[in-house]
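Peer 1: Top line first, the protein sequences correspond to chains A, B and C.
To convert, take the position in the first sequence, counting from 1, and add 11; that gives this note's numbering.
To convert, take the position in the second sequence, counting from 1, and add 1; that gives this note's numbering.
To convert, take the position in the third sequence, counting from 1, and add 5; that gives this note's numbering.
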Amino acid sequence: MRIVCPFCGERELGEFTCLGDAKPVRPAAGASADEVFDYVYLRDNVAGETSEHWYHGGGCRAWLKITRNTLTHEISSVEPAAGVGAAKVGA
Amino acid sequence: MAEFSWLPRSPLEHALVAGAYGARDVEPGIALTEIRNFDLVQIMARRGRWADLANAAKARFGVSAPDTPKAVSASDVTLIWSGPDQFLALSKGGKHTMETLSQAFSQSASLSDQSHARALISVTGAQARTMLAKLSSIDLHPAVFPIGAAAATSMDHTSVNLWRGNDRPDGQAVFNLLVFATFAESLWHTMLDAAAEYGVDIGHSEEFA
Amino acid sequence: MVSLAQTHRLESGGLIDRSAPLNFSFDGKIFAGFQGDTLASALIANGVKLVGRSFKYHRPRGILTAGSEEPNALVELRSGARREPNTKATTAELYDGLEAASQNRWPSLRHDLMAVNQLFAPIFVAGFYYKTFMWPAKFWEAIYEPAIRRAAGLGRAAGVADPDHYDKAWAHCDVLIAGSGPAGLAAALAAGRIGARVILCEEDFVLGGRLLADGGTIDSMPAAEWISRTLAELAALPDVRIMTRTTLFGVYDGGTYGAIEQVNDHLPSPPQHQVRQRLWRIVAKRSIVAAGAIERPIVFTGNDTPGVMMASAMRTYVARYAAAPARRVALFTNNADGWRTVETALGAGLQIAAVVDARPDVSSEHRALATKAGFPVLNGSVVGVEGGKDGVRKIAVSLIGGARAEVEADGLAVSGGWNPAVGLTSYHRGRPKWQDDISAFVPDSAPPGMMAAGAANGAYGLGACLRQGFAAGAAAAQSAGRAGNPGTAPVGDDETFSLTPLWHVAGKGKAFVDYQHDVTASDIELAQREGFESVEHLKRYTTLGMATDQGKTSNVAGLAIMAAVSAKSIPETGTTIYRPPYVPVAIGAFAGHHRDENFHATRLTPSHHWAAEQGAVFVDTGLWKRAQWYPRSGEKDWLESVTREVKAVRGGVGFCDVSTLGKIDVHGPDAGAFLDRVYINTFSSLAVGKARYGLMLREDGMVYDDGTTSRLAEDHYFLTTTTAKAGPVMQHLEFCRQVLFPELDAQLTSVSDQWAQFSIAGPKTRDLLREIVDPAEDLSNEGFPFMGAREVALRGGIKARLFRISFSGEMAFEISVPARYGDALVRNLMLAGKQFGVTPYGTEALGVMRIEKGHVAGPELNGTTTAADLGLAKMMSTKKDFVGRVMAGREALVAADRQVVVGIKPTDKTRRLRSGAHVIPKGEIPGPDNDLGYVTSVCFSPTLDQWIGLALVERGRERIGEIVHAHDPLRGEDYDVELCNPVFYDPDGGRQRG
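1. How about VAL36(A): is its C-beta nearer than 8 Å to some C-beta of chain B?
2. Quick check on this structure: which residue in VAL906(C), GLY200(C) and VAL907(C) has the alpha carbon closest to the alpha carbon of GLY1013(C)?
3. Closest Cβ-Cβ distance between HIS205(B) and chain C: below 8 Å?
4. Buried or exposed for ASN986(C), please, with buried defined as at least 16 other CB atoms from any protein chain shown within 10 angstroms of its CB.
5. In chain B, which residues lie less than 9 Å from PRO931(C) when you measure between Cβ atoms?
6. Using a beta-carbon distance below 8 Å, is VAL89(A) in contact with chain C?
7. Between TRP7(B) and ILE820(C), how many whole angstroms is the CB-CB distance? I'm expecting something under 8 Å.
8. The segment 35-57 of chain A: which residues have C-beta closer than 9 Å to a C-beta of chain C, in chain order?
9. Here's a check: name, in chain order, each residue in its chain whose Cβ is nearer than 6 Å to the Cβ of TYR587(C), leaving out the five neighbours to either side.
10. Indicate the three-state DSSP secondary structure (helix, strand or coil) for ASP625(C) in the structure shown.
11. Kindly indicate the opening and closing residues of the beta strand (DSSP E) around TRP760(C).
12. Under 6 Å Cβ to Cβ from LEU351(C), same chain only, skipping five residues before and after it: list those, please.
13. Quick one, which residues of the segment 365-388 of chain C are near chain A if we go by CB-CB under 8 Å, in chain order?
14. Just the chain A side, please: which residues come within less than 8 Å of ARG742(C) by C-beta, in chain order?
15. Once you ignore the five residues that flank ASP224(C) on each side, which residues in its own chain have a CB closer than 7 Å to its CB?
16. Can you find a C-beta in chain C that's less than 8 Å from the C-beta of PHE184(B)?
17. Would you kindly check if the distance between the Cβ of SER386(C) and the Cβ of SER403(C) is under 8 Å?
18. Identify which residue in ARG325(C), THR235(C), ARG198(C) and GLY197(C) has its Cα closest to the Cα of ILE49(C).
19. Quick one: what does DSSP say ARG631(C) is sitting in, helix, strand or coil?
20. In this structure, what does DSSP give as the bridge partners for GLU35(B)?
21. CB-CB under 6 Å to GLY101(A), same chain, minus the five flanking residues each way: which ones, in chain order?
22. Per DSSP, what kind of secondary structure is GLY200(B) in: helix, strand or coil?
23. Look at the Cβ atom of PHE210(C), then the Cβ atom of ALA341(C), and state whether they are nearer than 8 Å.
24. Could you check whether the segment 910-921 of chain C touches the segment 58-68 of chain A, counting it as contact only if at least three pairs of C-beta atoms, one from each stretch, sit closer than 8 Å?
25. May I ask you to report which of helix, strand or coil DSSP gives ALA824(C)?
26. Does DSSP put VAL100(A) in a helix, a strand or coil?
27. Assuming PHE31(C) is part of the alpha helix (DSSP H), what are its boundary residues?
28. Within the 8 Å Cβ cut-off, does TRP508(C) reach chain B?
29. Note down, in chain order, all residues in the segment 157-179 of chain B with a beta-carbon under 8 Å from any beta-carbon belonging to chain C.
30. Does the segment 841-858 of chain C come within contact of the segment 783-801 of chain C, defined as at least 3 CB pairs closer than 8 Å?
31. 8 Å is my cut-off, CB to CB: does ALA195(B) come that close to chain C?
32. Comparing the C-beta of ASP395(C) with each C-beta of chain A, is any distance below 8 Å?
33. Would you kindly work out how many angstroms separate the C-alpha atoms of SER185(C) and ARG301(C), rounded to a whole number?
34. Give the residues of chain A in contact with GLY1000(C), contact being defined as C-beta atoms less than 7 Å apart.
35. Give the residues from the segment 83-94 of chain B that approach chain A closer than 8 Å (Cβ to any Cβ), ordered along the chain.
36. With a cut-off of 8 Å, does the C-beta of ILE44(B) fall near any C-beta of chain A?
Laid out in structure tokens, this is it:
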């Protein structure tokens with residue numbers, strides 16, 4: 012499999028690590044135990060397009076959000092995580 | 002009171018044996034040269050400060066800092082892209098050390114000394130690309146990886162920064178790679194295995210190629 | 006025995022080099038062949054017909070094909086450590102001194118006692134194993150399997166390590182082409198002329214595909230001339246790479262392909278410094294499958310008799326190798342293409358006994374040929390073959406209308422039509438579609454970027470192959486973004502293909518579908534009767550197509566027979582799923598360089614070579630080699646060395662390389678706030694110049710990692726991780742920084758390799774440090790208190806960082822210097838420390854001292870423990886959010902009956918402890934219901950002069966003082982231990998603070 016890193020260009024799978032589902036968002040401080048439980052444990056088992064966190068640890072060390080079809084392995088989008096590099100947010 | 006010497010020792014000092022290696026019945030197709038004792042500083046932009054960092058870099062080095070996978074050379078420093086909003090400053094002779102750079106970038110960037118964290122190996126020769134194709138999954142075709150191209154990538158499951166320097170006078174491409182010091186000996190052996198069939202000329206130098 | 010006559014070599018012709026004779030041996034007998042032969046062609050040239058015994062029935066078998074689809078002619082190639090079983094004689098290139106042996110026979114190929122299995126043939130039917138060896142279960146391992154393994158199976162593995170080297174390489178191109186027949190070469194021409202980067206893989210050692218045997222006219226010149234002109238033009242193009250002896254075996258995601266190059270399989274052994282085989286991973290924007298088609302057998306009684314051969318293979322042997330598989334040849338065909346063999350055989354001066362053509366009529370040209378050459382054309386089918394070990398003698402024919410005929414011949418060429426090689430196009434679960442006019446499956450869809458051309462796409466004429474190949478090459482190059490001019494396409498004759506489908510001629514006696522797995526037509530019929538109608542069930546029940554040839558010659562015939570008996574059409578019956586590899590690939594090629602000491606990358610500490618000089622014993626810790634202990638002469642075992650090292654530290658001073666700890670620079674205005682979110686305790690409040698122990702949780706509340714972090718400047722922290730978790734923690738922190746907390750202005754850099762770090766420990770630590778640290782630096786308890794951290798100057802000019810932290814429980818510092826000075830530092834420590842008896846210590850002594858001190862490490866940080874389990878509950882801040890905070894408060898994670906860390910010591914002070922032993926209440930019978938926990942870490946404590954350990958025990962802290970039972974069923978040991986405070990040594994910490 013090849014992944015097009017938005018910073019490095021096309022690279023082979025071995026440079027990346029998949030963490031899994033990118034849909035759950037970490038609840039803010041003060042969230043209830045149930046909300047955190049859902050965040051930590053509840054995952055959809057999607058047959059089709061799903062978004063995932065991938066880490067380009069064998070390259071530029073950017074965390075990426077990848078939209079991948081679990082049936083075909085086709086990757087339809089690769090976006091950097093919000094805080095990659097000097098992240099223009101929160102400046 | 003004992004007298005101490007503080008001789009630096011390269012991570013390849015033990016493994017590197019200068020001279021010919023591998024096939025002897027052919028003109029050596031690979032030259033491997035370790036460049037020893039350099040200054041290397043990782044410069045990472047702080048939140049939202051890439052533009053400030055780029056300005057500071059231009060003022061300090063006289064060249065634009067790379068914001069894509071490139072290596073940019075000035076007279077006394079090479080700036081090597083190492084990831085989004087960050088690059089490495091490689092130099093010799095104490096001109097661009099942590100101490101001298103931290104003032105220039107104190108507002109815009111976080112600096113980390115990597116001078117001892119890496120070994121620097123220069124690969125060239127008629128079979129350099131053929132040999133590197135055994136170690137690297139990226140395309141080193143001249144049209145895809147021209148002079149000045151850089152990559153943060155992995156070789157033999159080991160992170161490296163790879164960039165293409167200026168060609169040798171004989172026209173051969175030169176590939177430079179920075180490898181983490183504690184992995185250096187292991188990758189060196191892997192490179193020798195990959196290169197042996199082409200005949201290897203091994204050396205080390207205090208100067209950049 | 007020597008036979009150099011080459012009795013079946015034709016006088017002239019062929020692509021062999023008659024000036025380069027080669028000797029080889031088969032089953033110990035010496036033969037001669039020529040450069041350019043395969044083992045199969047050389048055996049044929051020497052009149053050898055019997056080359057092996059079949060898998061199940063030990064039937065005599067000959068050579069069926071001339072390519073990688075061969076099911077029969079499998080041999081053991083080479084000898085000793087290089088012996089390679091199940092090697093296809095049809096693709097093995099001949100070299101001087103080649104040794105080959107037949108397989109699956111005893112005591113010899115001609116007199117195989119196992120052929121008695123044929124007498125039991127009625128019981129070796131489909132599903133035989135499933136039906137017969139049902140019970141009792143233990144008989145399977147003890148009796149059935151060993152007996153079956155002796156009788157069946159193919160070649161023998163070498164049984165020793167492969168002495169040769171293999172490697173792996175990457176290649177990149179615009180257009181990847183599989184096959185160098187007319188379609189493949191035309192594709193390469195078009196794509197290359199357009200300016201594309203082209204890689205063409207050809208499994209053969211000569212380029213040309215079927216043109217090599219079948220010839221033809223292209224652009225008004227003989228095929229051979231066109232090939233050489235084409236190759237010359239391709240060689241002149243800058244980015245066209247032709248790889249012979251290279252088989253494309255798999256298609257993977259993202260346009261990645263697997264290919265195996267047999268770099269030096271054509272030599273007795275690889276030249277020095279060279280590999281035997283190379284595994285290629287090829288990344289291609291587009292690919293063209295021009296892999297041709299495979300001629301298919303017809304299933305009839307006796308179709309496995311040596312001398313029965315595919316028609317195309319027979320003309321390959323005659324035309325390409327100038328080797329005559331028979332003197333008097335009969336042909337059994339259901340299509341016009343089979344007649345080419347007749348033409349080739351006649352051209353080489355061989356006799357044609359008869360043509361048996363299953364079609365109702367043959368063309369007038371072929372009738373005229375028969376008349377001219379004087380052989381009969383029999384419209385009908387072969388129903389039996391008389392012959393055996395020495396080959397075919399007589400062929401029984403059933404004519405259309407019912408009459409019988411007999412033909413005397415010593416070879417039978419068979420053509421049942423052609424199956425396009427649909428493997429590569431089907432590897433992404435693609436299903437080929439049925440094409441009626443050629444009665445064959447052709448590619449329907451293909452993986453992204455791939456297309457098929459020529460015979461692989463069901464286009465059988467030479468003209469059509471050239472046209473399709475050229476068009477595909479041009480289209481692929483253009484869609485890869487190239488825009489040059491392809492020039493004009495090569496032109497060849499169009500040939501018509503006429504075929505009347507015939508799969509199986511019913512008759513008495515065995516008719517083989519899958520030669521390699523000995524699956525017969527009646528096995529398929531039986532499977533259908535027993536309900537295994539689905540092709541996927543059929544395959545597994547009969548093992549059809551599951552041998553090393555993956556059913557290249559048998560799958561389609563098998564499912565055609567299934568279709569017939571289940572009264573369905575062939576497309577309704579369908580195909581099984583195609584999976585790579587297309588040809589068997591040696592595991593050694595997948596491993597490449599990564600074997601033995603190169604199995605994984607190795608990391609060496611800055612003091613590694615110094616430690617090696619001292620004779621240190623090293624231990625693999627993840628990728629690292631770490632000094633485990635430093636034996637001295639006269640020490641009888643590791644325990645003696647380790648005990649000495651511990652005593653030296655506790656009584657004087659020692660040092661240990663701890664450079665393997667993960668080290669991370671955390672920079673930025675929000676560095677402290679960032680650390681507050683990832684550790685359970687607070688770091689933003691840490692003063693500059695101070696270190697603090699930190700504990701990190703996973704989001705599920707379990708402990709992830711620990712280590713000390715020092716604040717070196719307002720906006721700069723230096724964080725350490727355990728050795729094992731250095732990489733994962735870096736990844737986790739980057740996740741926190743980039744994904745969870747993007748608003749924080751913090752930067753992370755691994756500095757693990759920048760610093761050589763040593764722990765110096767023992768009451769004389771300060772004395773030693775004062776020898777090497779600049780005298781102006783204040784190392785007193787006031788000037789450098791416990792948990793202090795700062796940069797200091799060393800004598801001689803270099804800077805170091807000192808951290809007053811202790812893992813051993815002694816007065817201790819960790820010192821770090823830039824890594825290239827690490828070697829000098831250990832040598833200077835030895836020099837300066839001689840007067841204090843300084844002692845280097847390894848990871849064992851380090852472990853002993855941490856157990857004595859009750860510090861947790863890997864065995865306790867095992868992913869199942871909470872901060873409270875480790876006795877560190879008080880560290881957990883209640884004033885801030887951090888990773889794992891909420892889940893750490895779950896009921897089960899704060900339950901009172903959790904297993905927590907306690908110390909243990911045996912009641913019998915002379916007894917050795919073992920980790921892994923279970924802790925059971927005293928007096929109870931061990932079992933899961935009363936299991937209180939287990940022993941995690943043990944050591945012999947030189948300080949206490951007995952074995953001690955740490956354990957995770959239910960309500961352990963409440964049980965301190967209780968005598969419990971240690972139960973170790975693995976080692977068969979049972980003994981009593983006392984639960985105690987885990988801090989065995991200096992519990993109030995006076996030594997490390999002093």
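All residues carry an ideal CB built from backbone N, CA and C; glycine is no exception.
Given the structure is predicted, the values throughout are model-derived calculations rather than measurements.
Peer 2: Once the coordinates are examined:
1. As a position in the first sequence, residue 36(A) is number 25, starting the count at 1. For VAL36(A), the answer is no, since every Cβ of chain B falls outside 8 Å of its Cβ.
2. With chain C covering 6 to 999 only, the question about residue 1013(C) has no answer from this structure.
3. Here the question's residue 205(B) lines up with position 204 in the second sequence. It does not: the Cβ of HIS205(B) has no partner Cβ on chain C nearer than 8 Å.
4. For the purposes of this step, residue 986(C) is taken as the residue at position 981 of the third sequence. ASN986(C) should be labelled exposed.
5. Indexing the third sequence from 1 puts residue 931(C) at position 926. None at all; the shortest Cβ gap to chain B is about 44 Å.
6. For this step, residue 89(A) is matched to residue 78 along the first sequence. No, VAL89(A) does not count as interfacial toward chain C.
7. Within the second sequence, residue 7(B) is the residue found at index 6, counting from 1. Within the third sequence, residue 820(C) is the residue found at index 815, counting from 1. Actually they do not touch by this definition, with Cβ atoms about 13 Å apart.
8. Against chain C - using a Cβ distance shorter than 9 Å - the residues of the segment 35-57 of chain A are ARG37, PRO38, ALA39, ALA40, GLY41, ALA42, SER43, ALA44, GLU46, VAL47, PHE48, TYR50, VAL51 and TYR52.
9. Start at 1 with the first residue of the third sequence, and residue 587(C) comes out as number 582. Hits under 6 Å: PHE254 and GLY428.
10. Stepping through the third sequence from its first residue, residue 625(C) is reached at position 620. The answer is strand: DSSP assigns ASP625(C) an E or B state.
11. In the third sequence, the residue the question calls residue 760(C) occupies position 755. Secondary structure note for TRP760(C): its beta strand (DSSP E) is the uninterrupted segment 760-766.
12. Within the third sequence, residue 351(C) is the residue found at index 346, counting from 1. So the qualifying residues of the chain are ALA378.
13. Along the segment 365-388 of chain C, there is no position whose C-beta sits under 8 Å from a C-beta of chain A.
14. To locate residue 742(C), count along the third sequence from 1; it is residue 737. Within chain A, the residues placing a beta-carbon under 8 Å from that of ARG742(C) are GLY94, ordered along the chain.
15. Translated into the one-based positions of the third sequence, residue 224(C) becomes position 219. Cβ-Cβ distances below 7 Å link ASP224(C) to TRP231, PRO495 and VAL496 in the same chain, with the five nearest sequence neighbours on each side left out; the list follows chain order.
16. If you number the second sequence from 1, residue 184(B) lands on position 183. At least one chain C Cβ lies under 8 Å of PHE184(B).
17. Reading the third sequence from its first residue, position 398 is the one you call residue 403(C). Reading the third sequence from its first residue, position 381 is the one you call residue 386(C). Yes. Within cutoff.
18. Here residue 49(C) corresponds to residue number 44 of the third sequence, with the count starting at 1. For the residues ARG325(C), THR235(C), ARG198(C) and GLY197(C), the minimum Cα distance to ILE49(C) belongs to ARG325(C).
19. To locate residue 631(C), count along the third sequence from 1; it is residue 626. Of the three classes helix, strand and coil, the one that applies to ARG631(C) here is strand, per DSSP.
20. Numbered from 1 along the second sequence, position 34 holds the residue referred to as residue 35(B). GLU35(B) is bridged to ILE122(B) and HIS205(B).
21. Numbered from its first residue, the first sequence carries residue 101(A) at position 90. For GLY101(A), the predicted structure reports a pLDDT of 39, less than 50, and the residue's modelled location is therefore unreliable. A value from the coordinates is still provided. So no residue of the chain qualifies.
22. The residue labelled residue 200(B) in the question sits at position 199 within the second sequence. In this structure, GLY200(B) counts as coil in the three-state DSSP scheme.
23. Numbered from 1 along the third sequence, position 205 holds the residue referred to as residue 210(C). Numbered from 1 along the third sequence, position 336 holds the residue referred to as residue 341(C). Judged by beta-carbon spacing, ALA341(C) lies beyond the 8 Å limit of PHE210(C), meaning their Cβ atoms are not closer than that value.
24. By the C-beta criterion, the segment 910-921 of chain C is judged not to be in contact with the segment 58-68 of chain A, since fewer than 3 inter-stretch pairs fall below 8 Å.
25. As a working mapping, residue 824(C) is identified with position 819 in the third sequence. For ALA824(C), the secondary structure class from DSSP, reduced to helix, strand or coil, is helix.
26. The sequence position of residue 100(A) within the first sequence is 89, counting from 1. Residue confidence is low: VAL100(A) scores 46 on pLDDT, short of 50, so the model does not pin down where it sits. Its coordinate-derived value is still stated next. In the three-state scheme derived from DSSP, where H, G and I count as helix and E and B as strand, VAL100(A) is classed as coil.
27. In the third sequence, residue 31(C) corresponds to position 26, counting from 1. Per DSSP, PHE31(C) belongs to no alpha helix (DSSP H); it is in the beta strand (DSSP E), 22-31.
28. In the third sequence, the residue the question calls residue 508(C) occupies position 503. Not an interface residue.
29. For the segment 157-179 of chain B, which is checked against every Cβ of chain C, the residues closer than 8 Å are ASP157, HIS158 and THR159.
30. Pairwise C-beta distances place the segment 841-858 of chain C out of contact with the segment 783-801 of chain C, as fewer than three of them are shorter than 8 Å.
31. Against the second sequence, residue 195(B) aligns to sequence position 194. Cβ-Cβ to chain C under 8 Å: yes for ALA195(B).
32. Taking the third sequence and counting its residues from 1, one reaches residue 395(C) at position 390. No - not a single Cβ of chain A is within 8 Å of the one on ASP395(C).
33. Mapped onto the third sequence, residue 185(C) falls at position 180. Mapped onto the third sequence, residue 301(C) falls at position 296. Distance between the alpha carbons of SER185(C) and ARG301(C): 21 Å.
34. The structure shown does not extend to residue 1000(C), since chain C is modelled only from 6 through 999, so no value can be given for it.
35. For the segment 83-94 of chain B, which is checked against every Cβ of chain A, the residues closer than 8 Å are SER83, GLY84, PRO85, ASP86 and GLN87.
36. Residue 44(B) sits at position 43 when you count from the first residue of the second sequence. By this cut-off, ILE44(B) is not an interface position.
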